[in-house]
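Trainee: The structure is given below, and queries will be raised subsequently.
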Amino acid sequence: MTNNVIDTPGTVGAGDIQFFDAIQPPLKTDQYTVTASQSVTNVGDQAPVYENQKALTIDGPRFQLNPSRIHSIFPPANQTGNYANFLPNIVFNDFSLPWSRAIDPDHTTAHENTPWLGLLTLHQADFAGTQAPVSEPVTVTTAALVAPGGKILPPDLGADFVGDETKVRVVDMSLTFFQAIAPQLTELQYLSHARAVNTDGKVILNMDADGCFSLCVGNRLPGIGQTNQIMLVSFEGHEAHLNGDTITGDYDTIRLVLLGGWEFTTTNFDNEFLNMMEALCQAGNGGVSLMQMTVTGQTQNNPVAKEALETGYVALQNQMRAGEQATAWYRGPLTPSPTRRASNLSDTAGNYGPYLYSDHAIHYDPDTGIFNHAYSSAWQIGRLLALSDGTFARSIFNWRADYLRLIVDQAKQRQVSATATTLQSAMGSADAATLQSATRTFFAETFHKVNWDMMKTRKQKVLGDHVPGVMSTQEVAKVHQQGEDPLFTLNKKVR
1 MTNNVIDTPG
11 TVGAGDIQFF
21 DAIQPPLKTD
31 QYTVTASQSV
41 TNVGDQAPVY
51 ENQKALTIDG
61 PRFQLNPSRI
71 HSIFPPANQT
81 GNYANFLPNI
91 VFNDFSLPWS
101 RAIDPDHTTA
111 HENTPWLGLL
121 TLHQADFAGT
131 QAPVSEPVTV
141 TTAALVAPGG
151 KILPPDLGAD
161 FVGDETKVRV
171 VDMSLTFFQA
181 IAPQLTELQY
191 LSHARAVNTD
201 GKVILNMDAD
211 GCFSLCVGNR
221 LPGIGQTNQI
231 MLVSFEGHEA
241 HLNGDTITGD
251 YDTIRLVLLG
261 GWEFTTTNFD
271 NEFLNMMEAL
281 CQAGNGGVSL
291 MQMTVTGQTQ
301 NNPVAKEALE
311 TGYVALQNQM
321 RAGEQATAWY
331 RGPLTPSPTR
341 RASNLSDTAG
351 NYGPYLYSDH
361 AIHYDPDTGI
371 FNHAYSSAWQ
381 IGRLLALSDG
391 TFARSIFNWR
401 ADYLRLIVDQ
411 AKQRQVSATA
421 TTLQSAMGSA
431 DAATLQSATR
441 TFFAETFHKV
451 NWDMMKTRKQ
461 KVLGDHVPGV
471 MSTQEVAKVH
481 QQGEDPLFTL
491 NKKVR
């Protein structure tokens, strides 16, 4: 979906991500004129009109891009890996950057969802060698950008643009080659999107990645077994020069503004995990025997040890809590032979789950007296991995706190119910059917004869007999009759 204005992802759930086709800023980067007009009425036949204009410039990245705006890139720069099946992409911290500028400077309202920048993927043969269709990047002025001369096709930055001595990084490439690898104008809007991310449900990798981001994706897969170069270029002014467009004029080269780039190397497909695993099964490569210890002459004659080693177990020293030294079996999740899930077995056939703690998952063979710590180790490792996730740890802590609070509330409720039952039994009243009525009846019948202390007024407290001789009987009577403040009268008399 498309959204015009978005702020922090407060409505995105923990661990969720929300995608947007485009994020339109309130105003695109351009020159604007603000006009104010005011007319005065009821002052005569000709109402005066006051007008004023103010030039307004919305500035933003155009010929240079601050690296701080870049959140991440993929594939990673200067790395080697199996990236042949991944389209290169770049993530920006500025969630409206790809749409902050119009791709057509003379028609800012046209192609609103079309980004003005994008990625071009170059294979090694495209930029290496003297016959490469892509030249080395150079630094020129903006005047040379829009008027390069010769057969170089420049960007059309609008009728109001005037080149000056501002420096800009550019790259020249064959026009035919550019149109072959560049996307079409209608495809550009599908190569960029925005996203709102909330990483509370994920493992935090030493960064606060919550927020809104924009992302640009390349349209060309990297070359296999070679170095690839990714160029972040500006398509502003080239909306009519892309793939499928007809170029008028005698041009054989196109000039692009280079905003950034990186390189990486893609390995051959034979280094994929699946291919390497399948190669293990070939003759002489070991096969599944690589997942087990070698059966020696000593273990060959021991049926128990032979079976354990052939199924992937290793013998480890086991130091028990009581200090006793013993030998225990252990294996990981990868085994050289098929296994059966214990959860599919009956209780008498080896199904000891669910395991409430790690010791509960220890298997014991009474025939050999050897413990099997495979499941108990897996249980403990799984718990440690779960608790290492801050979000999971907080969630389980809150769950335990809520459960404890529920238990306490239930205990209080049982205590209150027991008290109500006691009150009902003590009074034996048929009307005391509930705690409320029982409590009301109890207080009404028990405390109505108590001689409670009565609250005294200020006159009763001040004009009492605890200060005899200060005020006469006539003065006290006058205070009562006239309703005077006794403290004020007493203060005046003392002075």
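Quick note on numbering: the UniProt record's numbering labels position 401 of the sequence shown as 401, and the sequence is numbered without any gaps. Cβ atoms here follow ideal geometry from the backbone N, Cα and C, with glycine treated the same way. These numbers were taken from a predicted model, which means no experiment stands behind them.
1) Taking L334 as part of the alpha helix (DSSP H), name the residues at either end of that continuous run.
2) Given that a residue counts as buried once 16 or more other Cβ atoms are within 10 Å of its Cβ, and exposed if not, what is I254?
3) Given a threshold of 16 other Cβ atoms within 10 Å of its Cβ, counted over all protein chains shown, does residue 496 qualify as buried or as exposed?
4) Let's test the definition: count the other Cβ atoms within 10 Å of the Cβ of I90 and tell me whether it reaches 16, buried, or not, exposed.
5) How big is the Cα-Cα spacing for G244 and Y190?
6) Just to confirm my understanding: we take K28, look at its own chain, exclude 5 residues before and 5 after, and list those with CB closer than 8 Å. What are they?
7) Decide if I381 is buried, meaning its Cβ has at least 16 other Cβ atoms within 10 Å, or exposed.
8) Along the beta strand (DSSP E) that carries E484, what are the first and last residues, could you check?
9) From N491 to L406, what does the alpha carbon distance come to, in whole angstroms?
10) What does H107 pair with, by DSSP beta-bridge criteria?
11) What's the gap between the Cα of A132 and the Cα of T35?
12) Would you call the CB atoms of I224 and N275 closer than 8 Å?
13) For I230 and L119, which I take to be in contact (beta-carbon distance under 8 Å), what is that distance rounded to the nearest angstrom?
14) Can you grab the Cα-Cα spacing for the pair V43 / Q64, in whole Å?
15) Name, in chain order, the residues that DSSP records as bridge partners for H193.
16) Less than 8 Å between the C-beta atoms of H193 and D21, yes or no?
17) In this structure, how does DSSP classify N268 when only helix, strand and coil are distinguished?
18) Indicate whether L117 and C216 have their beta-carbon atoms separated by less than 8 Å.
19) Any idea what DSSP makes of R341, helix, strand or coil?
20) By the DSSP assignment, the beta strand (DSSP E) with L117 in it spans what residues?
21) Could you tell me which uninterrupted alpha helix (DSSP H) segments, each at least 4 residues in length, are contained entirely in the region 342-419, listed from first to last along the chain?
22) Following a CB-centred definition, is Q64 positioned closer than 7 Å to any heavy atom of the ligand HEM?
23) Taking the beta carbon of I23 as the centre, do at least 16 other beta carbons fall within 10 Å, making it buried, or is it exposed?
24) Who are the near neighbours of V140 in its chain, counting only those whose CB is closer than 7 Å to its CB and skipping five residues on each side?
25) Could you give the DSSP three-state label for R321: helix, strand or coil?
26) Please state if the CB of P222 and the CB of T266 are separated by a distance shorter than 8 Å.
27) Kindly list the residues whose CB is nearer than 6 Å to the CB of P25, restricted to its own chain and excluding five residues on each side of it in sequence; keep chain order.
28) Are the CB atoms of Q300 and Q226 nearer to each other than 8 Å?
29) Specify whether the region 249-263 and the region 149-158 touch according to this definition: at least 3 beta carbon pairs, one from each stretch, less than 8 Å apart.
30) Reducing DSSP to helix, strand and coil, say where G297 ends up.
31) For the beta strand (DSSP E) containing L232, list its first residue and its last residue.
32) Under DSSP, the alpha helix (DSSP H) around T33 begins and ends at which residues?
33) So, helix, strand or coil for D431, using DSSP?
34) Are at least three pairs of beta-carbons, each pair with one atom in the region 358-368 and one in the region 397-413, less than 8 Å apart?
35) With distances taken between CB atoms, is the gap from N198 to G15 smaller than 8 Å?
Mentor: The relevant details are as follows:
1) Neither: L334 is in no alpha helix (DSSP H) and is coded neither H nor E.
2) Counting Cβ neighbours within 10 Å, I254 comes out buried, since at least 16 surround it.
3) Residue 496 is absent from the model: the chain starts at 1 and stops at 495.
4) With 16 or more other Cβ atoms within 10 Å, it is buried.
5) 17 Å
6) I58, W99, S100, R101, A102, T108
7) exposed
8) Unbroken run through E484: none, as it is neither H nor E.
9) Approximately 60 Å between the Cα atoms of the pair.
10) H107 pairs with nothing; no bridge assigned.
11) 52 Å
12) Pairing I224 with N275 gives a Cβ-Cβ distance that is not under 8 Å.
13) 6 Å
14) 55 Å
15) Checking the DSSP bridge columns, you'll see H193 partnered with L215.
16) yes
17) coil
18) yes
19) In the structure shown, R341 sits in coil (DSSP, three-state: anything other than H, G, I, E or B).
20) Membership of L117 in the beta strand (DSSP E) is indicated by the continuous run 117-122.
21) 374-388
22) With respect to the ligand HEM, the structure shown offers nothing to examine, as it has no ligands at all.
23) buried
24) V168, V170
25) coil
26) yes
27) S96, S100
28) no
29) With a cut-off of 8 Å, the region 149-158 and the region 249-263 count as touching, because enough Cβ pairs lie within range.
30) helix
31) 226-234
32) It is not in any alpha helix (DSSP H) - T33 instead sits in the beta strand (DSSP E) that spans 30-39.
33) Its pLDDT being 49, under 50, D431 is placed unreliably in this model, and the value from its coordinates should be taken loosely. Residue state, collapsed to three classes: coil.
34) no
35) Cβ atoms of N198 and G15: closer than 8 Å.
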